[in-house]
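Here is the structure we will look at, set down as structure tokens.
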Amino acid sequence: MDGDNVAYQVSLGTERYEWPYKVDYDAVNRVRTDVLVIGGGLAGCCAGIAAARRGLKVAIVDKAPIKRSGCGGAGMDHWNGCMSNPRSPITPEEYMNLPSKKHGLGYTEYIFQKGSYEALMEIEKMGMPIRDVDGDFAGAGTLDEETKLFKGFDYKNFVNVKLRGGHYIKPILFENARKEGAELYERIMVTNLLTEDGKQGGRVIGAMGVSMETGEFYVFEAKSVVMSSGYIGSIWIYSTELTGHSFHWDPNDVGDGFAMAWKAGAKATGMFNNGSDRGAHPFAWPRFGVGNPDNTWFPCTIVDNNGKEIPWEDKDGNPVTTIEARNLPVEGQPYIGSNFGRPMGIQKPLLIHDLPERIKNGEYELPLWADLSSMPEKERRSIWGLMVGNEGKTRYTLYDYYTRLGFDPDRDMLWVPVMSPDSYGGRNMDWFQGESKIVKPWRTESFGGQGCLLVDWNLKTSLEGLYAAGASGGFGSCAMACSSGFYAGNRCAEYAMKAEHVAPLEAQIEAERERVYAPVRREKDPKAVISWKELWGGTARVMQVCCNEYLTEPILKEGLDWMASIREQEMQMTYARNPHELVRVLECETRATVSEAYMRVCIAKLQADKQGLRRDQFLFNHMEGDEVISEIREDEFWLKPPYAPTYLENYQRCRAGEGENYHG
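Using the numbering used here, the first residue of the sequence shown is number 73, and each one after it goes up by one.
Quick look at the structure:
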């Protein structure tokens with residue numbers, strides 16, 4: 073292929089600008105390493121650091137600059153699940169037995185709870201500032217006077233931690249990955265896995281990718297691989313240019329890791345949930361940038377348009393009459409924490425449950441306002457500064473920007489988005505998500521729920537040699553990503569210590585090069601008239617129509633036929649003029665693969681339901697050839713042979729390297 077620089081026409085004027093990098097689509101770079109980490113976000117960096125500390129050669133690959141890549145690249149405001157800290161009122165083992173707890177895959181939750189505080193302390197040692205060393209918050213309810221750490225949600229118990237220096241977490245992990253000797257490969261899109269003999273279902277022995285800058289091809293040979301490429305995103309929503317469309321995660325997250333593992337035969341779980349109804353959509357507001365009483369803004373006072381304060385209540389509906397009490401558990405509660413995906417017994421106080429009815433009858437007048445000015449000074453600074461200021465994407469776009477424009481929380485109130493009264497009810501009050509009834513027909517995509525790779529007690533996938541951490545393995549928060557990253561990196565390293573390199577099949581490499589560079593070869597084809605944005609819009613439309621709220625097999629099969637038609641026609645008419653556009657086109661192919669997986673898994677779920685699938689059973693799916701194979705497993709299979717009967721024993725066995733035969 074032509075190795076000259078690629079020129080492209082700018083959208084305004086007639087000047088043509090040369091691509092700033094020397095482009096060489098014929099170059100093939102070969103990298104041989106012990107452990108390959110795909111995705112350099114929080115989980116990937118932690119996995120790479122852990123593996124490198126075991127004395128292994130490690131390569132971390134990311135589509136973006138690793139210093140700020142991933143969902144946590146812009147920061148994080150609080151750290152959940154510190155059950156293993158010495159002052160926690162509850163142990164990880166006790167947590168797993170809380171009443172009304174829906175664990176899902178309980179062992180992944182336990183691995184997170186067991187390692188969360190340990191991971192936080194490790195990252196503090198690396199240099200992340202998290203304590204009140206200057207005494208700025210002395211006497212504040214949020215401050216734990218003994219440790220100088222900031223307690224989150226619950227001011228009585230030490231379970232969640234506010235991260236004073238959370239904005240810096242990614243640069244710190246980046247520097248420590250380099251310090252430990254990990255080789256960092258940036259702006260490279262990994263496009264497919266290498267498997268032994270090129271076979272689906274075979275041992276994973278590396279991966280292939282393409283540079284977003286030079287267009288050069290990369291072949292990574294490895295003894296073992298950690299998949300930490302993030303969420304599946306932007307499958308239903310087709311344009312980040314839509315007003316208000318704000319991804320909470322890294323926009324690079326489109327499901328690349330899931331797609332390549334799915335094609336290689338890895339088992340998947342949770343995909344029939346079809347995403348979350350909490351998240352990024354065209355009608356959302358700037359995240360954490362509007363008035364809100366929950367999450368990062370907890371426990372902010374909310375008033376109506378006449379300044380009348382909205383009352384609070386505890387989990388049982390009893391009045392909570394003081395600001396201090398909003399952060400305290402009631403009698404019988406072990407602690408209070410985030411309401412999302414947690415047991416009912418630990419739910420924190422929120423605004424009155426009948427607020428919608430009281431708005432309708434005129435007791436409270438819209439719009440509502442977030443009133444930080446009426447709160448105690450240190451609690452006000454805890455929200456606006458400590459939390460909003462370290463949360464992802466809030467330091468510059470909200471905290472700094474609002475301050476420059478004159479917002480002063482000491483005197484100003486912040487507008488709450490105007491919605492229908494019913495949208496102010498419920499237990500989840502992240503109002504920046506906007507009007508839920510408007511967006512529900514389109515599956516929105518944020519905070520997990522998109523499905524992930526199935527992992528075992530070692531965080532090993534169903535494919536030999538392939539491990540998963542972070543959102544790729546179902547660990548979807550900052551603390552979960554780091555905790556699972558350290559854990560998976562160690563388990564993957566232990567596997568690599570006993571494994572040998574296997575030479576990749578050259579035919580598999582050549583087939584992938586042929587696929588990857590096809591859009592470039594079509595650049596001057598007069599029939600190639602479709603851009604990557606148009607291709608993205610087409611695949612998203614299939615999902616909006618055929619994989620929506622109400623699902624039937626005929627609808628889903630129509631969707632698969634529609635997607636196949638796009639692959640055969642429009643995808644073959646899509647061009648790329650430079651390496652950047654090439655990667656964008658390849659991401660569209662990823663979306664098509666993930667979309668097909670969704671629809672296939674939904675069909676499998678409908679069929680399993682007809683055969684009597686129970687709510688306490690798990691449905692896992694994988695590909696064999698072009699066929700989806702389903703597997704049903706009983707609840708708590710992870711505590712039955714060949715596994716040990718308790719969470720702690722299984723965890724200890726794996727940490728000691730004695731869980732080699734645990735994969736089931």
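Virtual Cβ for every residue (Gly too), placed ideally from N, Cα, C.
This one's a predicted model, so the numbers in the text were calculated from it and none came from an experiment.
If one requires a minimum length of 4 residues, the alpha helix (DSSP H) runs lying completely within the region 431-496 are 449-455 and 473-476, in chain order.
If you draw a straight line from the Cα of E699 to the Cα of E625, it is about 15 Å long. Distance from the Cα of W151 is smallest, within the candidate group S544, R613, P161 and S410, for S410. The beta carbon of I244 sits closer than 6 Å to the beta carbons of M198, G199 and M200 from its chain, once the five residues preceding and following it are set aside; these are given in chain order. Using a Cβ-Cβ distance cut-off of 8 Å, the region 635-643 and the region 604-623 are in contact, since at least three pairs of beta carbons, one from each stretch, lie closer than that value.
The beta carbon of E668 sits closer than 7 Å to those of L632 and M635, all from its chain and outside the five residues before and after it, given in chain order. Close CB contacts of M148 within its chain, under the 7 Å cut and outside five residues either way in sequence, are with L235, G238, I241, N462, E463, G464 and C550 (chain order).
The Cβ neighbour count for M193, taken over all protein chains shown within 10 Å, is under 16; the residue is labelled exposed. Ranked by Cα distance from M447, the first of M332, P371 and M299 is P371. Listed in chain order, the non-local C-beta contacts of G207 below 8 Å within the same chain number zero, local neighbours out to five positions each way being set aside.
As far as DSSP is concerned, Q641 takes part in no beta bridge. According to the DSSP assignment, Q522 belongs to no beta strand (DSSP E), since it is labelled neither H nor E. By the neighbour-count criterion, in which 16 or more other beta carbons inside 10 Å mark a residue as buried, K223 falls on the buried side. A contact is defined here as three or more CB-CB pairs under 8 Å, and the region 268-275 fails this definition with respect to the region 667-685.
For W369, the three-state secondary structure derived from DSSP is helix. About 7 Å separates the beta carbons of G542 and L114, which is inside the 8 Å limit, making them a contact pair.
Between the region 99-107 and the region 217-232, the count of C-beta pairs closer than 8 Å stays below three; the two stretches do not touch. By the CB criterion at 8 Å, N364 and M501 fall inside the cutoff. Around the beta carbon of R159, fewer than 16 other beta carbons lie within 10 angstroms, which makes this residue exposed. Counting along the chain, S188 sits inside the alpha helix (DSSP H) bounded by residues G178 to M198. According to DSSP, M261 shares a beta bridge with V282. With distances taken between CA atoms, F246 lies nearest to P137 out of P406, P137 and N157. Shown here for G361: same chain residues with a beta carbon closer than 6 Å to its own, the five before and five after excluded, namely L470 in chain order. In the DSSP annotation of this structure, the continuous segment of the beta strand (DSSP E) that includes K234 starts and ends at N232 to K234. One thing to note: A122 has its Cβ no nearer than 8 Å to the Cβ of A600. Checking the DSSP bridge columns, you'll see G409 partnered with Q419.
For T180, the closest alpha carbon among the candidates E630, Q724, T665 and D528 is that of D528.
In the DSSP assignment, the residues bridged to G224 are N232. Look at R125 here: in three-state DSSP terms it is helix.
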